[in-house]
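Following the working numbering, the residues of the sequence shown are numbered contiguously, the last one being 321.
Think of the CB as a built atom: it goes at the ideal place given N, C-alpha and C, for glycine as much as any other residue.
Note that this is a predicted model, so its numbers are computed, not measured.
Working notes, structure below.
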Amino acid sequence: MAANVETMFYTREKPWHGLGTMVQEAPDSAHALELAGLDWEVVQKRIQTMEGTFVPGFKANVRESDGQVLGIVTDRYKVVQNRDAFSFTDDLLGEGITYETAGSLQGGRRTWILARLPQRYIINGDEITPYLVFMNSHDGTGAIKAAMTPVRVVCQNTLNLALSTAKRAWTTNHVGDISGKMEDAKNTLFYADRYMAELGKTFDRLTQTKLSDRQVYDYIDTMFPQQENATEQQKKNIRRIKEDVKARYFDAPDLQQVGKNAYRFVNAVSDFATHAKPLRERANYRESLFAKTVDGNALIDKAYQLVQAA
């Protein structure tokens, strides 16, 4: 039974993240950073009060090009320049990886570079393209990260499930032996291959897990519960979200041949999480959405957890 509402799943944009500068012709990370305007350095400066007293134990991370303060950190924090954070990815280019986009989030506090792996995976008839997102931070709140982001080509849905059987992301903090930690990052391709293999097995299981329409409605109710003492507007918003997800499950053209199963449900939720515009569109909502491709998307993981118990 199709949901009788207007939906947004015909207005997808490409690339799937909608951010950054295209750098597909960049031969290495240094050129990619230059094309994306990320070829600047961060310097650390002592902090002092208005009266001129220096604050012990803390420093400011400052973008040298314009004096922008990116974060306040402890003395233990070690700056990792963009060129150093991403230079190890050049070793992967011999394996056929190409840079796609690069950019910064939150005014330069987080920078990233995106690479597409050369492999094409056909899983249950779907073509899945694996991407690697590499992210660096300068504000003291995040780590250096590399994360797998598989994308379903036909609809550009991200399918970065949190699997217990395979590692999706590598991360390290800006303290201690940075050079030694960066060496470990070169295992990224090994993690990627293992993750994609386990993801294929997971999708096989999900495809074989049939769902009734009633189960789908119950899952959506569980994912988007109506809060007690909710206002009429809040109730309306929750109803709109639920109907949107139902429409993506029942009506999306690219899911018509998939069958009514757990794989279809996870894709419908991913479609919503990846492409739906928020009820209240903030200026940085795309940045937040992109950050979830690295840190993980709670909605997609919740949908996966629900259908595992089916």
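task: Note down, in chain order, each residue of its chain lying with its Cβ closer than 6 Å to the Cβ of T140, except the 5 sequence neighbours on either side.
output: Taking the first residue of the sequence shown as position 1, residue 140 is located at position 129. These residues qualify, in order along the chain: V162, V164.
message: According to DSSP, simplified to helix, strand and coil, what is M12?
response: Position 1 of the sequence shown, counted from the first residue, corresponds to residue 12. Residue confidence for M12 is low, a pLDDT of 39 falling below 50, so the modelled location carries little weight; the figure read from the coordinates is stated next. Coil at M12, not helix or strand.
task: Inspect the CB distances between the segment 45–59 and the segment 89–98 and report whether three or more fall short of 8 Å.
output: yes
- request: Quick one: grab the DSSP three-state call for M61.
  value: For the purposes of this step, residue 61 is taken as the residue at position 50 of the sequence shown. In the structure shown, M61 sits in coil (DSSP, three-state: anything other than H, G, I, E or B).
- request: Measure from the alpha carbon of G29 to the alpha carbon of each residue in Y315, E298, K313, then state which is nearest.
  value: The count along the sequence shown starts at 1 and reaches residue 29 at position 18. That would be E298, whose Cα lies nearest to the Cα of G29.
Residues near T220 by beta carbon distance below 7 Å, same chain, minus five either side: On the sequence shown, residue 220 is found 209 positions in, with the first residue counted as 1. Excluding positions up to five away in sequence, the list reads N272, A273, V318, A321.
query: Short check: CB of L143 to CB of T182, under 8 Å?
result: Your numbering for residue 143 matches position 132 in the sequence shown. Your numbering for residue 182 matches position 171 in the sequence shown. No, the Cβ-Cβ distance between L143 and T182 is not below 8 Å.
- request: Report buried or exposed for N295, applying the criterion of at least 16 other Cβ atoms within 10 angstroms of its Cβ.
  value: Translated into the one-based positions of the sequence shown, residue 295 becomes position 284. By the neighbour-count rule (16 or more Cβ atoms within 10 Å), N295 is not buried but exposed.
- request: Let me know if M61 comes out buried or exposed under the rule of 16 or more other beta-carbons within 10 Å of its beta-carbon.
  value: Numbered from 1 along the sequence shown, position 50 holds the residue referred to as residue 61. So M61 ends up on the exposed side.
task: Quick one: using the 10 Å Cβ neighbour count with 16 as the cut-off for buried, is A208 buried or exposed?
output: Within the sequence shown, numbered from 1, the residue matching residue 208 stands at position 197. Exposed: under 16 other Cβ atoms inside 10 Å.
task: Let me know if E106 comes out buried or exposed under the rule of 16 or more other beta-carbons within 10 Å of its beta-carbon.
output: Numbered from 1 along the sequence shown, position 95 holds the residue referred to as residue 106. Exposed, since its Cβ has fewer than 16 Cβ neighbours within 10 Å.
query: Which residues does DSSP pair with P161 in a beta bridge?
result: Walking along the sequence shown from the start, residue 161 turns up at place 150. In the DSSP output, where bridge partners are listed per residue, P161 has P141.
task: Report the three-state DSSP secondary structure of R23 (helix, strand or coil).
output: Within the sequence shown, residue 23 is the residue found at index 12, counting from 1. Because R23 sits at a pLDDT of 45, beneath the cut-off of 50, its placement in the model cannot be relied upon, and the point is left open.
query: Along the chain, where does the alpha helix (DSSP H) that runs through L30 open and close?
result: Position 19 of the sequence shown, counted from the first residue, corresponds to residue 30. Segment: none, L30 is in no alpha helix (DSSP H) and carries neither H nor E.
- request: Determine the direct distance from the alpha carbon of K303 to that of D265, and round the result to whole angstroms.
  value: Within the sequence shown, residue 265 is the residue found at index 254, counting from 1. Within the sequence shown, residue 303 is the residue found at index 292, counting from 1. Straight-line Cα distance between these residues: approximately 24 Å.
task: Look up V53 in the DSSP assignment and give the residues it is bridged to.
output: Indexing the sequence shown from 1 puts residue 53 at position 42. Its beta-bridge partners are R74.
message: I'd like to confirm the pairing. Which residues does DSSP put opposite L125 in its beta bridges?
response: Taking the sequence shown and counting its residues from 1, one reaches residue 125 at position 114. Paired residue(s): T112, V144.
query: Hey, out of Q79, R87, D77, whose CA is closest to P67's CA?
result: What you label residue 67 is simply residue 56 of the sequence shown in a count that begins at 1. It is R87 whose Cα lies nearest to the Cα of P67.
- prompt: Do you know whose CA, among Q117, N147, M146, lies nearest V80's CA?
  reply: One-based indexing of the sequence shown puts residue 80 at position 69. Considering only alpha carbons, the answer is Q117.
- request: Just mark E111 as buried or exposed, buried being the case when its beta carbon has 16 or more other beta carbons within 10 Å.
  value: Taking the first residue of the sequence shown as 1, we reach residue 111 at position 100. The residue in question, E111, is buried, as its Cβ has 16 or more Cβ neighbours within 10 Å.
task: Check N93 in the structure and name its three-state DSSP category.
output: The residue given as residue 93 occupies position 82 in the sequence shown. Helix.
Identified DSSP bridge partners for N168: Mapped onto the sequence shown, residue 168 falls at position 157. Paired residue(s): R163.
message: Rounded to the nearest angstrom, what separates I108 and E138 at their Cα positions?
response: For the purposes of this step, residue 108 is taken as the residue at position 97 of the sequence shown. For the purposes of this step, residue 138 is taken as the residue at position 127 of the sequence shown. Looking at the two C-alpha atoms, the distance is approximately 18 Å.
message: Going by the DSSP bridge assignment, what does F69 pair with across the sheet?
response: Numbered from 1 along the sequence shown, position 58 holds the residue referred to as residue 69. F69 is bridged to T85.
message: Our contact map puts G82 next to G31 with C-beta atoms below 8 Å; I'd like the distance itself, whole angstroms only.
response: As a working note, residue 82 is residue 71 in the sequence shown. As a working note, residue 31 is residue 20 in the sequence shown. In fact, because the Cβ distance is near 21 Å, the residues do not count as touching under 8 Å.
Start and end residues, beta strand (DSSP E) containing A322: Look at the range of the chain in this structure, 12 to 321, and you will see that residue 322 is not part of it.
- prompt: Applying the criterion that 16 or more other CB atoms from any shown protein chain within 10 Å of the CB defines a buried residue, is A279 buried or exposed?
  reply: The sequence position of residue 279 within the sequence shown is 268, counting from 1. Its Cβ being crowded by 16 or more others within 10 Å, A279 is buried.
- prompt: What is the DSSP secondary structure of K156, reduced to helix, strand or coil?
  reply: In the sequence shown, residue 156 corresponds to position 145, counting from 1. Here K156 sits in strand by DSSP.
message: If distances are taken between C-alpha atoms only, which option among A158, A287, G270, A41 comes closest to E254?
response: By 1-based counting over the sequence shown, the position of residue 254 is 243. Here the closest residue by C-alpha is A287.
query: By the 10 Å Cβ neighbour count, where 16 or more other Cβ atoms means buried, how is K70 classified, buried or exposed?
result: Here residue 70 corresponds to residue number 59 of the sequence shown, with the count starting at 1. K70 comes out buried.
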